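First the structure, in the form of structure tokens, and then the observations on it.
Numbering (my numbering), first residue to last: 940 to 1014.
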């Protein structure tokens, strides 16, 4: 009975540098798709939803870092 693992208890693993970079690049990619989507004709122009927190974080990044995150898939 001592070696039974509680199925409801999950532990979080720390992400390594490559995983953190990939997660950031994926977040930026999703944000850019949502941010760049055109408004639908005849519909409310403010119907586009995107994360304001991500927008704020991207505005604070250096241009070189933002460019590297945006071009992550092109390498």
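Built from N, CA and C at the ideal position, the CB exists for glycine as well.
None of these values were measured; they are calculated from a predicted model.
In angstroms, rounded to a whole number, what distance separates the CA positions of residue i and residue j?
| i | j | result |
| --- | --- | --- |
| residue 952 | residue 988 | 31 Å |
| residue 999 | residue 993 | 10 Å |
| residue 971 | residue 1009 | 9 Å |
| residue 954 | residue 1011 | 18 Å |
| residue 941 | residue 960 | Note that residue 941 scores 42 on pLDDT, short of 50, meaning its location in the model is unreliable; the coordinates nonetheless yield the value given after this. Approximately 39 Å between the Cα atoms of the pair. |
| residue 957 | residue 963 | 10 Å |
| residue 944 | residue 965 | Confidence is the limiting factor: at residue 944 the pLDDT is only 45, short of 50, which leaves the residue's position unreliable, though a coordinate-based value still follows. So the alpha carbons of these two residues sit roughly 33 Å apart. |
Report the residue from the options whose alpha carbon sits nearest the alpha carbon of residue i.
| i | options | result |
| --- | --- | --- |
| residue 1007 | 958, 975, 967 | 967 |
| residue 991 | 961, 958, 974, 979 | 974 |
Excluding the 5 residues preceding and the 5 following residue i in the sequence, name in chain order all residues of the same chain whose CB lies nearer than 8 Å to its CB.
| i | result |
| --- | --- |
| residue 946 | Because residue 946 sits at a pLDDT of 49, beneath the cut-off of 50, its placement in the model cannot be relied upon, and the point is left open. |
Less than 7 Å between C-beta atoms, sequence neighbours within five positions excluded: which residues of the same chain meet that for residue i?
| i | result |
| --- | --- |
| residue 901 | As shown, the chain starts at 940 and ends at 1014. That puts residue 901 outside it, with no answer to give. |
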